[in-house]
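Below is one structure; the comments refer to it alone.
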Amino acid sequence: MTTQPTAKRSLSASRPVLSVIIIELLLLIAMTAAGAYATIKELSYTSPVLIAFIPIALALIIYMSLRRKWGQYGFRSLRGLASGGWRYYAPLALVCAVLCFKGFEALTVTKVAFFLFFTLLVAFVEETIYRGLILNILLPKGAMTAVVVSSVLFSVTHMLNMLSGQSLGQTILQLAYSLLVGLALALLMVKDRLIWPLILFHFVHNLVQFLGKEGEFVVLDSLVLAILAVHCAWIMAGMAKGRRRIAAGAKSAHLT
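Every letter in the sequence shown is one number past the one before it in numbering that gives the first Met the number 0, and letter 100, counting from 1, is 99.
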(Lines of atoms letter the chains of each structure in order from A and count residues from 1; the text may use other names and numbers.)
(Lines give C-alpha, C1' and ligand atoms only; values in the text may rest on other atoms or scores of the structure.)
Protein backbone atom coordinates (compact mmCIF):
# COMPACT_ATOMS: atom_id res chain seq x y z
CA MET A 1 0.00 0.00 0.00
CA THR A 2 1.46 3.33 -1.04
CA THR A 3 0.76 6.64 0.60
CA GLN A 4 0.19 9.81 -1.36
CA PRO A 5 2.70 12.56 -0.58
CA THR A 6 1.11 15.46 1.25
CA ALA A 7 1.10 18.75 -0.60
CA LYS A 8 3.56 21.22 0.85
CA ARG A 9 1.70 24.16 2.34
CA SER A 10 2.97 27.68 1.76
CA LEU A 11 4.36 29.70 4.66
CA SER A 12 1.35 32.03 4.54
CA ALA A 13 -1.01 29.05 4.95
CA SER A 14 0.96 27.18 7.62
CA ARG A 15 2.27 30.20 9.56
CA PRO A 16 -0.06 33.14 8.82
CA VAL A 17 0.99 35.28 11.79
CA LEU A 18 4.69 34.86 11.02
CA SER A 19 4.02 35.66 7.36
CA VAL A 20 2.25 38.92 8.27
CA ILE A 21 5.07 39.89 10.65
CA ILE A 22 7.63 39.30 7.88
CA ILE A 23 5.65 41.36 5.36
CA GLU A 24 5.21 44.25 7.82
CA LEU A 25 8.87 44.19 8.88
CA LEU A 26 10.09 44.17 5.28
CA LEU A 27 7.86 47.14 4.49
CA LEU A 28 9.03 49.05 7.58
CA ILE A 29 12.68 48.30 6.80
CA ALA A 30 12.25 49.44 3.19
CA MET A 31 10.53 52.68 4.25
CA THR A 32 13.04 53.41 7.03
CA ALA A 33 16.01 52.81 4.75
CA ALA A 34 14.47 54.95 2.01
CA GLY A 35 13.72 57.72 4.53
CA ALA A 36 17.28 57.64 5.87
CA TYR A 37 18.73 57.80 2.35
CA ALA A 38 16.45 60.69 1.39
CA THR A 39 17.43 62.58 4.55
CA ILE A 40 21.15 62.12 3.95
CA LYS A 41 20.83 63.19 0.31
CA GLU A 42 18.42 66.02 1.24
CA LEU A 43 15.80 64.82 -1.22
CA SER A 44 12.14 65.93 -1.34
CA TYR A 45 9.58 64.63 1.15
CA THR A 46 8.04 62.35 -1.49
CA SER A 47 11.35 60.64 -2.27
CA PRO A 48 11.23 57.94 0.46
CA VAL A 49 7.90 56.65 -0.86
CA LEU A 50 9.12 56.63 -4.47
CA ILE A 51 12.38 54.90 -3.56
CA ALA A 52 10.61 52.19 -1.55
CA PHE A 53 7.28 51.76 -3.35
CA ILE A 54 8.37 51.57 -7.00
CA PRO A 55 10.35 48.31 -6.52
CA ILE A 56 7.65 46.99 -4.15
CA ALA A 57 4.98 47.66 -6.79
CA LEU A 58 7.02 45.84 -9.43
CA ALA A 59 7.57 42.90 -7.05
CA LEU A 60 3.84 42.68 -6.30
CA ILE A 61 2.93 42.73 -9.99
CA ILE A 62 5.46 40.03 -10.83
CA TYR A 63 4.42 37.87 -7.85
CA MET A 64 0.68 38.06 -8.54
CA SER A 65 1.23 37.44 -12.24
CA LEU A 66 3.52 34.44 -11.85
CA ARG A 67 1.43 32.89 -9.08
CA ARG A 68 -1.88 33.93 -10.67
CA LYS A 69 -3.01 35.57 -7.45
CA TRP A 70 -4.75 38.66 -8.87
CA GLY A 71 -8.25 37.32 -8.30
CA GLN A 72 -7.41 35.96 -4.85
CA TYR A 73 -6.37 39.43 -3.71
CA GLY A 74 -9.49 41.16 -4.96
CA PHE A 75 -8.57 42.17 -8.51
CA ARG A 76 -11.86 40.89 -9.93
CA SER A 77 -14.60 42.16 -12.19
CA LEU A 78 -16.83 44.81 -10.63
CA ARG A 79 -19.80 42.88 -12.02
CA GLY A 80 -19.42 40.58 -9.04
CA LEU A 81 -20.71 43.32 -6.73
CA ALA A 82 -24.15 42.49 -5.38
CA SER A 83 -27.14 44.56 -6.46
CA GLY A 84 -27.27 47.72 -4.38
CA GLY A 85 -23.80 47.06 -3.01
CA TRP A 86 -22.47 50.37 -4.32
CA ARG A 87 -24.35 52.28 -1.61
CA TYR A 88 -21.77 51.08 0.92
CA TYR A 89 -19.11 52.99 -1.01
CA ALA A 90 -21.03 56.30 -0.98
CA PRO A 91 -19.50 57.45 2.36
CA LEU A 92 -16.03 57.15 0.81
CA ALA A 93 -17.09 59.55 -1.94
CA LEU A 94 -18.51 61.84 0.75
CA VAL A 95 -15.15 61.84 2.57
CA CYS A 96 -13.36 62.95 -0.60
CA ALA A 97 -15.99 65.65 -1.18
CA VAL A 98 -15.57 67.00 2.36
CA LEU A 99 -11.79 67.14 1.95
CA CYS A 100 -12.22 69.25 -1.19
CA PHE A 101 -13.65 72.04 0.99
CA LYS A 102 -10.14 72.66 2.29
CA GLY A 103 -9.35 74.23 -1.06
CA PHE A 104 -6.37 73.67 -3.32
CA GLU A 105 -2.92 75.14 -3.77
CA ALA A 106 -1.86 76.75 -7.04
CA LEU A 107 -1.74 73.88 -9.52
CA THR A 108 0.49 73.28 -12.50
CA VAL A 109 0.36 70.53 -15.10
CA THR A 110 3.69 69.16 -13.85
CA LYS A 111 2.54 69.09 -10.22
CA VAL A 112 -0.77 67.42 -11.02
CA ALA A 113 0.90 64.84 -13.28
CA PHE A 114 3.47 63.99 -10.62
CA PHE A 115 0.90 63.51 -7.87
CA LEU A 116 -1.36 61.49 -10.15
CA PHE A 117 1.47 58.99 -10.49
CA PHE A 118 2.56 59.30 -6.86
CA THR A 119 -0.86 58.76 -5.29
CA LEU A 120 -1.77 55.94 -7.67
CA LEU A 121 1.49 54.21 -6.73
CA VAL A 122 0.76 54.58 -3.00
CA ALA A 123 -2.85 53.42 -3.40
CA PHE A 124 -1.87 50.31 -5.36
CA VAL A 125 0.95 49.26 -3.03
CA GLU A 126 -0.81 49.93 0.29
CA GLU A 127 -4.14 48.40 -0.73
CA THR A 128 -2.49 45.34 -2.24
CA ILE A 129 -0.37 44.77 0.86
CA TYR A 130 -2.92 45.52 3.59
CA ARG A 131 -6.32 44.72 2.05
CA GLY A 132 -4.90 42.12 -0.34
CA LEU A 133 -1.97 40.15 1.09
CA ILE A 134 -2.24 40.67 4.86
CA LEU A 135 -6.03 40.54 5.09
CA ASN A 136 -6.19 37.43 2.92
CA ILE A 137 -3.47 35.66 4.92
CA LEU A 138 -5.27 36.37 8.21
CA LEU A 139 -8.80 35.43 7.11
CA PRO A 140 -8.46 31.82 8.34
CA LYS A 141 -8.01 33.34 11.83
CA GLY A 142 -11.43 34.96 11.53
CA ALA A 143 -12.81 37.90 9.55
CA MET A 144 -12.76 40.38 12.44
CA THR A 145 -9.22 39.37 13.41
CA ALA A 146 -8.10 39.96 9.83
CA VAL A 147 -9.91 43.32 9.67
CA VAL A 148 -8.57 44.63 13.00
CA VAL A 149 -4.97 43.42 12.62
CA SER A 150 -4.58 44.61 9.02
CA SER A 151 -6.06 48.01 9.99
CA VAL A 152 -3.83 48.43 13.04
CA LEU A 153 -0.73 47.58 10.98
CA PHE A 154 -1.86 50.01 8.28
CA SER A 155 -2.20 52.72 10.93
CA VAL A 156 1.10 51.97 12.67
CA THR A 157 2.99 52.14 9.37
CA HIS A 158 2.00 55.81 9.10
CA MET A 159 4.17 56.55 12.13
CA LEU A 160 7.02 56.60 9.64
CA ASN A 161 5.76 60.03 8.57
CA MET A 162 7.57 61.35 11.64
CA LEU A 163 10.78 60.63 9.74
CA SER A 164 9.82 63.34 7.23
CA GLY A 165 9.45 65.94 9.97
CA GLN A 166 5.77 65.53 10.83
CA SER A 167 4.94 66.58 14.41
CA LEU A 168 3.88 64.12 17.12
CA GLY A 169 0.39 65.65 17.29
CA GLN A 170 -0.10 65.36 13.54
CA THR A 171 1.16 61.78 13.62
CA ILE A 172 -1.28 60.78 16.41
CA LEU A 173 -4.16 62.32 14.46
CA GLN A 174 -3.07 60.48 11.33
CA LEU A 175 -2.84 57.21 13.26
CA ALA A 176 -6.49 57.54 14.34
CA TYR A 177 -7.51 58.68 10.88
CA SER A 178 -5.70 55.87 9.06
CA LEU A 179 -7.08 53.32 11.55
CA LEU A 180 -10.68 54.28 10.70
CA VAL A 181 -9.89 54.33 6.98
CA GLY A 182 -8.25 50.91 7.31
CA LEU A 183 -11.23 49.48 9.19
CA ALA A 184 -13.74 50.76 6.62
CA LEU A 185 -11.73 49.48 3.64
CA ALA A 186 -10.96 46.13 5.27
CA LEU A 187 -14.64 45.59 6.10
CA LEU A 188 -15.57 46.36 2.49
CA MET A 189 -12.91 43.93 1.28
CA VAL A 190 -14.28 41.15 3.50
CA LYS A 191 -17.81 41.98 2.39
CA ASP A 192 -17.30 42.19 -1.39
CA ARG A 193 -13.80 40.77 -2.08
CA LEU A 194 -13.17 43.65 -4.51
CA ILE A 195 -10.05 45.79 -4.26
CA TRP A 196 -10.59 48.13 -7.24
CA PRO A 197 -12.99 50.51 -5.43
CA LEU A 198 -10.60 50.65 -2.47
CA ILE A 199 -7.64 51.56 -4.67
CA LEU A 200 -9.77 54.22 -6.39
CA PHE A 201 -10.80 55.79 -3.07
CA HIS A 202 -7.24 55.66 -1.69
CA PHE A 203 -5.96 57.27 -4.89
CA VAL A 204 -8.54 60.10 -4.99
CA HIS A 205 -8.31 60.69 -1.23
CA ASN A 206 -4.53 61.07 -1.29
CA LEU A 207 -4.59 63.15 -4.47
CA VAL A 208 -7.01 65.64 -2.88
CA GLN A 209 -4.86 65.75 0.25
CA PHE A 210 -1.59 66.37 -1.57
CA LEU A 211 -3.03 69.01 -3.91
CA GLY A 212 -5.04 70.65 -1.13
CA LYS A 213 -4.09 73.57 1.06
CA GLU A 214 -2.01 72.93 4.15
CA GLY A 215 -3.17 74.03 7.57
CA GLU A 216 -5.42 73.14 10.48
CA PHE A 217 -8.97 72.16 9.47
CA VAL A 218 -10.32 70.85 12.76
CA VAL A 219 -14.01 70.97 11.79
CA LEU A 220 -13.52 69.22 8.46
CA ASP A 221 -11.15 66.60 9.89
CA SER A 222 -13.59 65.90 12.73
CA LEU A 223 -16.43 65.54 10.22
CA VAL A 224 -14.41 63.05 8.17
CA LEU A 225 -13.60 61.00 11.30
CA ALA A 226 -17.30 60.94 12.21
CA ILE A 227 -18.27 59.83 8.69
CA LEU A 228 -15.71 57.02 8.78
CA ALA A 229 -16.84 55.84 12.23
CA VAL A 230 -20.51 55.74 11.17
CA HIS A 231 -19.47 54.05 7.92
CA CYS A 232 -17.71 51.24 9.79
CA ALA A 233 -20.76 50.68 11.99
CA TRP A 234 -23.05 50.66 8.94
CA ILE A 235 -20.95 48.09 7.08
CA MET A 236 -20.79 45.80 10.14
CA ALA A 237 -24.56 46.08 10.62
CA GLY A 238 -25.12 45.24 6.95
CA MET A 239 -22.80 42.24 7.13
CA ALA A 240 -24.52 40.98 10.30
CA LYS A 241 -27.93 41.35 8.62
CA GLY A 242 -26.67 39.40 5.62
CA ARG A 243 -25.40 36.58 7.84
CA ARG A 244 -28.74 36.39 9.64
CA ARG A 245 -30.59 36.26 6.32
CA ILE A 246 -28.35 33.42 5.09
CA ALA A 247 -28.79 31.55 8.39
CA ALA A 248 -32.56 31.97 8.25
CA GLY A 249 -32.63 30.73 4.65
CA ALA A 250 -30.53 27.69 5.54
CA LYS A 251 -32.81 26.91 8.51
CA SER A 252 -35.91 27.24 6.34
CA ALA A 253 -34.45 24.95 3.70
CA HIS A 254 -33.54 22.39 6.35
CA LEU A 255 -37.06 22.40 7.79
CA THR A 256 -38.64 21.84 4.40
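All residues carry an ideal CB built from backbone N, CA and C; glycine is no exception.
Which residue from the options puts its Cα closest to that of residue i?
i: alanine 105; options: Leu222, Leu210, Cys231, Gly214; result: Leu210
i: leucine 184; options: Ser150, Gly70, His204, Leu77; result: Ser150
i: valine 217; options: Arg242, Met158, Val97, Ile133; result: Val97
i: serine 13; options: Leu138, Arg244, Leu179; result: Leu138
Considering only DSSP beta bridges, list what residue i is partnered with.
i: glycine 211; result: Phe103
Use the C-beta contact count for residue i: other C-beta atoms within 10 angstroms, 16 or more gives buried, fewer gives exposed.
i: valine 148; result: buried
i: methionine 143; result: exposed
i: cysteine 99; result: exposed
i: glutamate 126; result: buried
i: phenylalanine 103; result: exposed
i: phenylalanine 200; result: buried
i: phenylalanine 116; result: exposed
i: proline 196; result: buried
i: valine 207; result: buried
Check the Cβ-Cβ distances between residue i and every residue of chain B, and say whether any is below 8 Å.
i: isoleucine 50; result: Chain labels in this structure do not include chain B; a single protein chain is all it has.
Given the structure, does residue i come close to the ligand NAP, in the sense that its CB is under 7 Å from one of the ligand's heavy atoms?
i: phenylalanine 114; result: In terms of ligand content, the structure shown is empty, and the ligand NAP therefore cannot be addressed.
Taking 8 Å as the cut-off, decide whether the C-beta atoms of residue i and residue j are in contact.
i: leucine 172; j: arginine 75; result: no
i: lysine 68; j: leucine 219; result: no
i: tyrosine 72; j: isoleucine 234; result: no
i: valine 189; j: valine 124; result: no
i: serine 230; j: cysteine 95; result: The sequence given here places histidine at residue 230; serine does not occur at that position. Against a cut-off of 8 Å, the Cβ pair of cysteine 95 and histidine 230 comes out as no contact.
i: leucine 187; j: serine 154; result: no
i: isoleucine 136; j: leucine 152; result: no
i: leucine 24; j: serine 18; result: no
- prompt: Does the region 208-227 come close enough to the region 78-94 to have 3 or more Cβ pairs within less than 8 Å?
  reply: Flag = yes, the region 208-227 and the region 78-94 touch.
Under 8 Å: do the region 44-53 and the region 109-125 share three or more Cβ pairs, one atom per stretch? Yes: the two stretches touch, three or more of their Cβ pairs being nearer than 8 Å.
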